[in-house]
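For reference, the structure is listed below as structure tokens.
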Amino acid sequence: MGYSGVRGGQEAIAAAERLVQESRFGGRSAWLELDQITERLGLGVDRVMGEAGLWAPELAARAVRQAHGDLLEAAQLLRAHRSTLPRFGYSLPVGPAELRAVRRVSPAHRNPPGGQVLGRTTDYTPRILDLTPEERARPRRAPGPPGAPAAAPARRPRGDRPDADAGLRAAGLLPDRRTGDDPEPYDITRAPARPGTPRSARLSALARAETGSLTHLWYSCSRAPRPGGHEIPLELRRGRLPLRVAHPHTGRPVTVAGVRVTEARTVRPTARPRPDGTRFDAGYGLCYGENEPKALAMAGLDLLVHRDPHTDRLEQKVLIALDGPEASGFLEHLKLPHYVDFRSTVERVRAVRVGAGAGR
Amino acid sequence: MPDTLTRERRCELLAAAGHEEIVTLAERLLADGVPRPTVVQAPEVGMVVLQVREPVEETRFYLGEVLVTECSVELDGVPGWCMRSGDDRIAALAGALLDAVAAAGLPALTDIDALCAAVAERQAAEEAAEWADIQATTVAFEELT
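Take a look at the structure:
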């Protein structure tokens, strides 16, 4: 498949682009400021950064605005811009213990060590379209807690990060997959991720997968009958991770920035090589920003690929079919002229038709 | 905050300082006679790959990249460096200058550490406010039997 080179139409193309510019910069409403986008449409900005693979809230907000709110297009814009930037280096590794949580829930344990902190969520309240009239909604501020605010300690307690897997591991219910090896991570931005590449490639590909595609793939896998019972997340968290680099003159760690992330850990009873149910398999999800469906689906698919990468070519789908800019770019190219390609196809169909005795 | 900041802690706090406060201080120090630094590496916008050690196999993977601005200067032979999030070349240059002034032990170190103390105090207050907010959402579910 391909599209042919064409010439001409420059004036029409310029006029079409002008219409886009008028749509972007025209209109009667006020100019959409970047901080309005990052504050009011933060989940969209988070999603764009995750799918572009670049944490840059202001640039992502620009991309959302330029794309007229089309998040897939915005991710494509940011991903393309990313390719123009130099890479200074690699951060020092950070682990889950360093995640500063603002939300932590456990669907598996009623009273997990460290407790459950719901954080900002609508999980337990009806999701109803807010039809408050605009003149009343505009000045409204978030309601405070009823009555006097509870006295809170000035500082968050340290050590508020119990290991979600520790209990199952200690009980022998979770296979210990730690080998002590520490291979260099696979860099999917430098080499394509294909079946057989290390798990680090899978986690990177899932972390920047398109949220809708990821959700759909997880859903289609989870709806299919699979042996061993369904998954239950051990823990879901949102919070901040530090970006820590080695100081160039002292060599010691320095935190130079922070990113917001969502993290999920999930388990299913084992089903390899055949259902036995004596232990659990584990999966891990971590993505940029506030995106709980993505982290949960990522953990579920990490688990399923680890368990059985070949059924339904799941590993291949995870590595190849979930990238938003790649998929949308391929789809978008269909709109470009395919005149020669189509004429050739018509001639081939005619030839086949003649060969089959159907043509006249 | 301890009386004496480590160089790394000072770098962290300068990286977390706002554009206005860090640039204003750097401009004031230059106006007060701090020698002009030699720019070793002009402020440049680029990316750092965020490496994460995941908990299942405890191996590393790349979560993605983070936009940062980096700058290096030299002040009478003493190097200064700054890296901060986002695209802000002026603030990175100011941060590198302040790092060099502090590393050189110039009298303006007091002003720089005062700014760092203010940033640290603000961070602590924001963290306390955040914790107060989310602490109210701590829950102990009861099972219906």
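These protein sequence lines map, in sequence, to chains A and B.
For what it's worth, my numbering labels the leading residue of the first sequence as 33, then goes sequentially.
For what it's worth, my numbering labels the leading residue of the second sequence as 102, then goes sequentially.
Glycine is no exception: its CB is placed at the ideal position from the N, C-alpha and C atoms.
CB contact below 7 Å: residue i versus chain B
i: valine 381 of chain A; result: no
i: glycine 40 of chain A; result: no
i: tryptophan 87 of chain A; result: yes
i: proline 274 of chain A; result: no
i: alanine 289 of chain A; result: yes
i: serine 232 of chain A; result: yes
i: glycine 127 of chain A; result: yes
i: leucine 235 of chain A; result: yes
Length of the line joining the Cα atoms of residue i and residue j
i: proline 138 of chain B; j: threonine 125 of chain B; result: 16 Å
i: alanine 237 of chain B; j: histidine 141 of chain A; result: 20 Å
i: glutamate 379 of chain A; j: valine 153 of chain B; result: 54 Å
i: leucine 363 of chain A; j: glycine 228 of chain A; result: 27 Å
i: glycine 40 of chain A; j: histidine 370 of chain A; result: 15 Å
i: tyrosine 218 of chain A; j: proline 145 of chain A; result: 34 Å
i: isoleucine 235 of chain B; j: glutamine 148 of chain A; result: 11 Å
i: alanine 241 of chain A; j: valine 286 of chain A; result: 30 Å
i: glycine 244 of chain A; j: threonine 377 of chain A; result: 33 Å
i: proline 128 of chain A; j: arginine 168 of chain A; result: 42 Å
i: valine 167 of chain B; j: glycine 147 of chain B; result: 8 Å
i: glycine 290 of chain A; j: glycine 361 of chain A; result: 31 Å
i: arginine 79 of chain A; j: isoleucine 352 of chain A; result: 19 Å
i: glutamine 68 of chain A; j: leucine 109 of chain A; result: 19 Å
Integer-rounded CB distance, given that residue j should sit under 8 Å from residue i
i: arginine 292 of chain A; j: arginine 272 of chain A; result: 6 Å
i: leucine 354 of chain A; j: leucine 246 of chain A; result: 6 Å
i: arginine 425 of chain A; j: proline 207 of chain A; result: Here chain A covers residues 33 to 392 and nothing more, so residue 425 of chain A does not appear.
i: arginine 135 of chain A; j: arginine 152 of chain A; result: 7 Å
i: valine 277 of chain A; j: leucine 86 of chain A; result: Actually they do not touch by this definition, with Cβ atoms about 17 Å apart.
i: aspartate 334 of chain A; j: leucine 238 of chain A; result: 6 Å
i: valine 157 of chain B; j: alanine 225 of chain A; result: That pair is no contact at about 18 Å.
i: glutamate 263 of chain A; j: arginine 209 of chain A; result: Not really, about 17 Å apart at Cβ, beyond 8 Å.
Cutoff 7 Å: residue i Cβ touching any chain A Cβ
i: proline 138 of chain B; result: no
i: arginine 111 of chain B; result: no
i: valine 240 of chain B; result: yes
i: serine 168 of chain B; result: It should be pointed out that residue 168 of chain B corresponds to leucine in this sequence rather than to serine. Interface residue, yes.
i: valine 174 of chain B; result: no
i: leucine 164 of chain B; result: yes
i: glutamate 171 of chain B; result: yes
i: alanine 116 of chain B; result: yes
i: valine 202 of chain B; result: no
Q: Please determine if the region 268–275 of chain A and the region 316–328 of chain A are in contact, where contact requires at least 3 C-beta pairs separated by less than 8 Å.
A: yes
Q) Just by C-beta distance, which residues in the region 137–149 of chain A are closer than 9 Å to chain B? A) So the list reads Val137, Arg142, Asn143, Gly147, Gln148, Val149, given in the order they occur along the chain.
Q: Check each residue of the region 38–67 of chain A: if its Cβ is closer than 7 Å to any Cβ of chain B, include it; give the result in chain order.
A: none
Q) Taking any Cβ of chain A, which residues in the region 221–236 of chain B have a Cβ under 7 Å from it, in chain order? A) Glu228, Ala229, Glu231, Trp232, Ala233, Ile235, Gln236
(Q) Using a Cβ distance threshold of 8 Å, determine whether the region 201–212 of chain B contacts the region 179–188 of chain B, with at least three qualifying pairs required. (A) yes
(Q) Any C-beta of chain A within less than 8 Å: which residues of the region 179–190 of chain B qualify? (A) Pro180, Trp182, Met184, Arg185, Ser186, Gly187, Asp188
(Q) Can you pull out the residues from the region 124–155 of chain B whose beta carbon lies closer than 8 Å to at least one beta carbon of chain A? (A) Glu145, Val146, Gly147, Met148, Val149, Val150, Leu151, Gln152, Val153, Arg154, Glu155
**Q.** Contact the region 191–199 of chain B vs the region 249–257 of chain A: 3+ CB pairs below 8 Å
**A.** no
Q. Do three or more CB pairs link the region 108–115 of chain B to the region 209–226 of chain B at distances below 8 Å?
A. Three or more Cβ pairs closer than 8 Å define a contact, and the region 108–115 of chain B meets that threshold against the region 209–226 of chain B.
**Q.** At least three beta-carbon pairs within less than 8 Å, the region 157–167 of chain B to the region 196–216 of chain A
**A.** Judged by Cβ distances under 8 Å, the region 157–167 of chain B makes contact with the region 196–216 of chain A, as three or more pairs qualify.
Q. When the Cβ atoms of the region 98–115 of chain A are set against those of the region 118–133 of chain B, are three or more pairs found closer than 8 Å?
A. no
Q: Check each residue of the region 90–101 of chain A: if its Cβ is closer than 7 Å to any Cβ of chain B, include it; give the result in chain order.
A: Taking 7 Å as the Cβ-Cβ cut-off against chain B, the residues of the region 90–101 of chain A that qualify are Glu90, Leu91.
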